[in-house]
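Okay, so the sequence shown: first residue is 120 according to this note's numbering, each after it adds one.
Note that CB positions come from ideal geometry on N, CA and C, so glycine has one too.
Treat the numbers as computed from the prediction; the structure is a model and nothing was measured.
Below is one structure, written out as structure tokens; comments come after it.
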Amino acid sequence: MVTIAGTGNPFSVKGMAIHRYTCNKDMVDRSFYNSDGDLLVVPEMGALLVQTEFGFMHVRPGELFILPRGLKMT
């Protein structure tokens, strides 16, 4: 994960940051959890099959999904 930009004050919990995260293999028997903020996920190459606590989503390149803060993704 690489931070690209950010603004605000982390101590006052106001502001935002932009990060880039690269995945190159399946998450087998693993989960991803972010308690800091919402995630906007935009696949660039290949579709994603995302399993959350509420079920499965199939996200193709050019589509996006938002993972709200505190929700687990496997």
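Output the distance between the C-alpha atoms of V160 and V121, rounded to the nearest integer angstrom. 15 Å
Taking the C-alpha atoms as reference points, what is the distance between A154 and S131? With the sequence shown as reference, residue 154 is identified as Ser, and Ala is not the correct amino acid for it. Answer to the nearest angstrom: the Cα atoms are 16 Å apart.
Take L190 and list the residues in its own chain whose beta-carbon comes closer than 7 Å to its own, dropping the five residues that flank it on each side. T171, E172
Closest by CA to I137, which one among M146, M176, K144, G125? G125
Considering only residues of the same chain and omitting the five flanking positions on each side of H177, which have a CB-CB separation below 7 Å? A166, L168
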